[in-house]
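These notes concern the structure reproduced below.
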Amino acid sequence: MNVQVPAMVAEVFKASRIVAFSTGNVYPWVPVETGGASEDVPPVPPPGDYAYSCVGRERMFEYFSTQHGTPGRLFRLNYAIDMRYGVLHDIGRKVRDGETIDVTMGHVNVIWQGDANAVALRALTRVTTPTSPLNVTGPETLEVRWLAGEFGKLLGRKPVLAGKEAPAGWLNNARRMVQEFGPPEVPIGAMIEWTADWLARGMTSLKKPTRYEVRDGKY
Numbered sequence: 003m004n005v006q007v008p009a010m011v012a013e014v015f016k017a018s019r020i021v022a023f024s025t026g027n028v029y030p031w032v033p034v035e036t037g038g039a040s041e042d043v044p045p046v047p048p049p050g051d052y053a054y055s056c057v058g059r060e061r062m063f064e065y066f067s068t069q070h071g072t073p074g075r076l077f078r079l080n081y082a083i084d085m086r087y088g089v090l091h092d093i094g095r096k097v098r099d100g101e102t103i104d105v106t107m108g109h110v111n112v113i114w115q116g117d118a119n120a121v122a123l124r125a126l127t128r129v130t131t132p133t134s135p136l137n138v139t140g141p142e143t144l145e146v147r148w149l150a151g152e153f154g155k156l157l158g159r160k161p162v163l164a165g166k167e168a169p170a171g172w173l174n175n176a177r178r179m180v181q182e183f184g185p186p187e188v189p190i191g192a193m194i195e196w197t198a199d200w201l202a203r204g205m206t207s208l209k210k211p212t213r214y215e216v217r218d219g220k221y
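Following this note's numbering from start to finish, the sequence shown increments by one per residue and tops out at 221.
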């Protein structure tokens, strides 16, 4: 599905502008202090069928863009969130429910879903031929330990943490996105507050964990 269907779409809609959703998981792990992988880093992910199938998806759009002159962008989205789903929901819910949070995958990037949607639509006006990658995420490298602490303050619970932060992770650099489209409108503080309020009131969850903490590619 991640490779064959994109090939069909790229062939059928070769006369269109295509912003193809991808993922930051196409990158290898990078040291935390680097600020994340830029679009210049070759997409060679750690083991796992999902990440490699996403590289295959990009390869299909790249191939047909080159073959037919189809303008596009490869939209490498990293952890879009809303109150019902996402890394912040996962961390906040575990803090609320007293569940252990593994901090081995100790750093993440997140972006509000509305901001990601806005960039996707605006990217249709910034396509390239052949298609080219664009990292879409928040500009900050966020510590999972810090996020858990912030939720703890808002929810009145002490986070239960385990493990030690790894020196590298799946992190993306959003500098190009910010240069082309400006920074996200919704800051991390607002996202945390909104999510904590949502969780405290027992509102709806999509019940689809992101599994952001997985490091072996087995989701």
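Even glycine gets a Cβ: it sits at the ideal position worked out from N, Cα and C.
As the structure is a computational prediction, the values presented were derived from the model and not from experiment.
Element boundaries [alpha helix (DSSP H), containing residue i]
i      : result
Val216 : Val216 -> no alpha helix (DSSP H), and no H or E assigned at all.
Leu123 : Gln115 to Ala125
Leu208 : Here Leu208 belongs to no alpha helix (DSSP H), and DSSP marks it neither H nor E.
Val180 : Arg177 to Phe183
Val97  : Val89 to Asp99
Contacts around residue i, its chain only, beta-carbon distance under 8 Å, and the 5 residues preceding and following it disregarded
i      : result
Arg59  : Asn4, Val5, Pro8, Ala22 and Ser24
Pro33  : Pro169 and Ala170
Met193 : Ile83, Leu90, Val112 and Trp114
Met205 : Met85 and Arg86
Val43  : Tyr29, Pro30 and Val32
Thr133 : Ile20, Ala22, Phe63, Glu64, Ser67, Thr72, Pro73, Gly74, Arg75 and Leu76
Ala39  : Gly26, Tyr29, Pro30, Val32, Asn137, Leu173, Asn174 and Asn175
Lys210 : Tyr87
Residue i - containing beta strand (DSSP E), residue span
i      : result
Gly154 : That residue, Gly154, is in no beta strand (DSSP E); its alpha helix (DSSP H) goes Val146 to Leu157.
Val7   : Element bounds for Val7: not the beta strand (DSSP E) but the alpha helix (DSSP H), Gln6 to Val14.
Thr102 : Thr102 to Asp104
Ser1   : Coverage of the chain is limited to positions 3 through 221, which leaves residue 1 absent and any answer about it impossible.
Leu173 : Neither: Leu173 is in no beta strand (DSSP E) and is coded neither H nor E.
Glu74  : The sequence as given places Gly at residue 74; Glu does not occur at that position. Residues Gly74 to Leu79.
Val138 : Ser134 to Val138
Ser24  : Ile20 to Thr25
Ala164 : Val162 to Ala164
Local Cβ density within 10 Å of residue i, reported as buried at 16 or more and exposed below that
i      : result
Gly108 : buried
Asp117 : buried
Met85  : buried
Ile80  : Looking at the sequence shown, residue 80 is not Ile but Asn. With 16 or more Cβ atoms within 10 Å of its Cβ, Asn80 is classed as buried.
Met179 : buried
Pro49  : exposed
Glu215 : buried
Pro185 : exposed
Gly26  : buried
Pro47  : buried
Ala17  : exposed
6 Å Cβ shell around residue i - same chain, five flanking residues per side excluded
i      : result
Val57  : Val28 and Pro45
Thr139 : Asn80, Asn111, Ile113, Asn174 and Ala176
Thr106 : Gly165 and Ala168
Ser207 : Arg86
His70  : Lys16
Close Cβ partners of residue i (< 7 Å) along its chain, the five nearest in sequence each way excluded
i      : result
Gly37  : Thr143 and Asn175
Ile93  : Ile103, Val146, Leu149, Ala150 and Phe153
Ala125 : Val21, Arg75, Phe77 and Leu136
Gly88  : Tyr81, Ala82, Val112 and Thr212
Trp200 : Met85
Ala122 : Val21 and Phe77
Glu182 : Arg128
Contact belief for residue i with residue j at Cβ below 8 Å, rounded distance in angstroms
i     : j      : result
Pro73 : Thr131 : 5 Å
Tyr52 : Gly219 : 7 Å
Contact between the region 144–161 and the region 82–100 (3+ Cβ pairs under 8 Å): They touch, by the three-pair rule.
Tell me whether the region 165–172 and the region 60–70 touch, counting them as touching only if at least three CB pairs, one residue from each stretch, are closer than 8 Å. Look at the beta carbons and you see the region 165–172 not touching the region 60–70: under three pairs across the two are nearer than 8 Å.
Does the region 11–21 come close enough to the region 147–156 to have 3 or more Cβ pairs within less than 8 Å? In short, these stretches do not touch, since the Cβ pair count stays below three.
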